[in-house]
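Colleague: In the working numbering, the protein residues as written are 6 to 277. Below is one structure. I have some questions about it.
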């Protein structure tokens with residue numbers, strides 16, 4: 006029987022950056038939450054040696070391989086070797102490209118990386134991702150004045166995953182942690198409240214998430230961080246700050262990051 010406490014490794018192999026494959030795997034993995042799934046991205050695989058490295062890692066550590074290879078020779082090589090080594094594999098693009106080719110009566114280009122052309126839109130995305138990293142979790146509050154979106158919430162309300170997801174949609178996002186012992190930066194009261202998104206979560210749900218986080222770090226589950234009374238104190242403080250600002254608030258208790266991000270984007274677009 007499999008040890009359900011150990012993550013299942015999914016190796017995402019791509020001849021480009023691997024973002025498409027990773028997004029699909031994450032969406033599928035959410036259907037099995039909280040079962041642990043570890044995604045290992047193997048981007049820019051352009052030769053047989055790269056495929057061998059990935060498959061050898063799976064033979065040693067276990068896992069499955071998901072790939073978005075458009076070059077037929079590499080795709081066929083991976084499938085042949087995966088079958089030989091009894092490694093479960095999923096070809097994400099092959100069936101779609103084949104079916105489209107039949108419908109269009111046209112041969113595909115088989116050119117890697119076409120979903121990420123180096124155009125203005127691409128560089129906007131890169132800039133937004135760099136912005137999200139720089140102004141993540143209150144590292145630098147100067148980003149509040151420059152951001153398209155400011156996320157507020159206590160620890161473990163998906164601020165960082167949301168920031169990165171929205172960055173990939175070209176939004177510059179700064180996120181600010183709310184902690185009772187520290188007043189939030191004054192800048193959040195001087196920017197348009199429509200840019201500010203409050204994140205709320207059920208205390209019991211947050212307690213479970215924080216306990217899991219402590220387990221992952223190898224710390225005691227009864228630490229103050231996961232104490233129910235402490236959590237309620239933090240959430241009450243956060244509600245007070247959000248109410249003072251008058252910002253919109255979204256409950257993330259039972260929502261996937263993608264769903265919450267969609268609500269945020271709808272809100273921002275309505276405000277424009």
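We put the beta carbon where it would ideally sit given N, CA and C, even for glycine.
Please classify residue 247 as buried or exposed, where buried requires at least 16 other C-beta atoms within 10 Å of its C-beta.
Modeller: Label assigned to residue 247: buried.
Colleague: Quick check on residue 67: does DSSP put it in helix, strand or coil?
Modeller: Of the three classes helix, strand and coil, the one that applies to residue 67 here is coil, per DSSP.
Colleague: Which parts of the stretch 88–172 are runs of the beta strand (DSSP E), unbroken and 3 residues or longer, counting only runs that do not cross its ends?
Modeller: Listed in chain order, the complete beta strand (DSSP E) runs (minimum 3 residues) inside the stretch 88–172 are 94–96, 154–158.
Colleague: So which of 183, 71, 143 has the shortest CA-CA distance to residue 30?
Modeller: It is 71 whose Cα lies nearest to the Cα of residue 30.
Colleague: Identify the continuous beta strand (DSSP E) that holds residue 19 and give its terminal residues.
Modeller: Where residue 19 is concerned, the enclosing beta strand (DSSP E) stretches over 13–19.
Colleague: DSSP three-state call for residue 40: helix, strand or coil?
Modeller: Here residue 40 sits in coil by DSSP.
Colleague: Do residue 314 and residue 149 have their CB atoms nearer than 8 Å?
Modeller: Limits of the chain in this structure are 6 at one end and 277 at the other, which puts residue 314 out of reach.
Colleague: Based on Cα-Cα distance, which residue from 64, 138, 184 lies nearest to residue 158?
Modeller: Closest by alpha carbon: 184.
Colleague: Alpha carbon to alpha carbon, what distance is there between residue 175 and residue 103?
Modeller: The straight-line gap from Cα to Cα measures roughly 31 Å.
Colleague: Please state whether the Cβ-Cβ distance between residue 161 and residue 211 is less than 8 Å.
Modeller: Yes, these two residues count as a Cβ contact at 8 Å.
Colleague: Report all residues from its chain with a CB closer than 7 Å to the CB of residue 14; omit the five preceding and five following residues, and keep chain order.
Modeller: Here the set comprises 43, 45, 66, 67, 68.
Colleague: On the premise that residue 255 lies in contact with residue 204, defined as a C-beta separation below 8 Å, what is that separation, rounded to the nearest angstrom?
Modeller: Going by Cβ atoms, the distance from residue 204 to residue 255 rounds to 6 Å, so yes, they are a contact pair.
Colleague: Just mark residue 39 as buried or exposed, buried being the case when its beta carbon has 16 or more other beta carbons within 10 Å.
Modeller: By the 10 Å Cβ count, residue 39 comes out exposed.
Colleague: What does a CB cutoff of less than 7 Å around residue 7 pick up in its chain, not counting 5 residues either side in sequence?
Modeller: At residue 7 the pLDDT is 43, less than 50, meaning the model places this residue with poor confidence; the figure from the coordinates comes in the next sentence. Taken in chain order, the list of residues that qualify is empty.
Colleague: Answer with buried or exposed for residue 112, where buried requires no fewer than 16 other C-beta atoms within 10 angstroms of its C-beta.
Modeller: It counts as exposed.
Colleague: Quick one, which of 168, 131, 265 has its alpha-carbon nearest residue 143's?
Modeller: Checking every option, the nearest Cα to that of residue 143 belongs to 168.
Colleague: Expressed to the nearest angstrom, what Euclidean distance is found between the alpha-carbon atoms of residue 75 and residue 250?
Modeller: Cα-Cα distance, rounded: 49 Å.
Colleague: Verify whether the separation of the beta carbon atoms of residue 214 and residue 201 is less than 8 Å.
Modeller: No.
Colleague: The alpha helix (DSSP H) spanning residue 255 covers which residue range?
Modeller: From DSSP, residue 255 is part of no alpha helix (DSSP H) but of the beta strand (DSSP E) over 253–256.
Colleague: Identify, in the order they occur along the chain, each residue of the same chain with its Cβ nearer than 6 Å to the Cβ of residue 41, setting aside the five sequence neighbours on each side.
Modeller: Cβ within range, chain order: 12.
Colleague: Tell me which same chain residues have a C-beta within less than 7 Å of the C-beta of residue 107, skipping the five on either side of it?
Modeller: Result list for residue 107: empty, nothing under 7 Å.
Colleague: How many angstroms separate the CA atom of residue 173 from the CA atom of residue 206?
Modeller: Distance between the alpha carbons of residue 173 and residue 206: 24 Å.
Colleague: When burial is assigned at 16 or more other CB atoms within 10 Å of the CB, is residue 191 buried or exposed?
Modeller: Residue 191 comes out exposed.
Colleague: Please identify the residue among 90, 257, 241 whose C-alpha is closest to the C-alpha of residue 60.
Modeller: Residue 60 has its Cα closest to that of 90, out of 90, 257, 241.
Colleague: Could you give the DSSP three-state label for residue 7: helix, strand or coil?
Modeller: Because residue 7 carries a pLDDT of 43, less than 50, the predicted location of this residue cannot be relied on, and no value is offered for it.
Colleague: Which residues mark the beginning and the end of the alpha helix (DSSP H) in which residue 211 is found?
Modeller: Residue 211 -> alpha helix (DSSP H) spans 208–222.
Colleague: In this structure, how does DSSP classify residue 232 when only helix, strand and coil are distinguished?
Modeller: Coil at residue 232, not helix or strand.
Colleague: Starting from the C-beta of residue 94, find all residues in its chain whose C-beta is less than 6 Å away, skip the five residues before and the five after it, and write them out in chain order.
Modeller: These residues qualify, in order along the chain: 70, 87.
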